[in-house]
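Comments concern the structure below.
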Amino acid sequence: MSNIAEETANERSAATLEQLEQEGDVAADYLEGLLDIADIDGDLALDVRAGRAYVSVENEDEGALRLLADPDTVQALQELTRIAVQTKTGRFSRLILDVGGSRDARQRQLEKLVDRAIARLDEGASQASLPAMSSYERKLIHDIVADRGLVSESYGEGADRHTVIRRA
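In the numbering used here, the protein residues as written are 1 to 168.
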């Protein structure tokens, strides 16, 4: 590994609790600005989970965040927020954004996707390929698959990276 790659890997893995809390604060400021521009009411909750800053946008009125809670929109907002954090802090961010419970909803969708893949295996397929998805979603898939007693591996590069499920 080159020195630059090693330094980048070390920076990514060496984020302290204080740095992660700073990421959350920067992200909250950025998201508050976006919500103000869009005239959308939302409360922000900050947390640190599994070595990542975690920011939730919540509103008691379920319909208020409906447009922002779409999985593709959440992914885009998360990337924009990560860029804003990286610009402000000078460090790579692995921040996770949740809008109106969208992460829990996506978890349930991924569980159903894995269940359909397992059904294909039960019907005799030697493996089941899932569509390309983000590294965060692939990690969730790997965890779901392991919980169900199967094995999974990621294949491909970049935006085409996907998961394949097999029997153990």
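From the three backbone atoms N, C-alpha and C, an ideal C-beta is built for every residue, glycine too.
In whole angstroms, what is the alpha-carbon distance linking residue i and residue j?
i, j, result
"Q22", "M133", "28 Å"
"T81", "E157", "23 Å"
"S129", "L121", "11 Å"
"I83", "G51", "18 Å"
"F92", "L150", "33 Å"
"R167", "D115", "13 Å"
"K139", "A38", "32 Å"
"L67", "K88", "27 Å"
Anyone know if the C-beta pair for residue i and residue j falls short of 7 Å?
i, j, result
"T163", "I141", "yes"
"G24", "L65", "no"
"L44", "A69", "no"
"R148", "S154", "no"
"V55", "L46", "yes"
With DSSP as the reference, label residue i as helix, strand or coil.
i, result
"S135", "helix"
"I118", "helix"
"L130", "coil"
"L77", "helix"
"L113", "helix"
"D104", "helix"
"L68", "coil"
"R82", "helix"
"G90", "coil"
For the alpha helix (DSSP H) containing residue i, list its first residue and its last residue.
i, result
"R167", "That residue, R167, is in no alpha helix (DSSP H); its beta strand (DSSP E) goes H162 to R167."
"L35", "L17 to A38"
Tell me residue i's beta-bridge partners as DSSP assigns them.
i, result
"R49", "R52"
"I96", "Y54"
"L44", "V57"
"V151", "R166"
The beta strand (DSSP E) with residue i in it runs from where to where?
i, result
"E62", "E62 -> no beta strand (DSSP E), and no H or E assigned at all."
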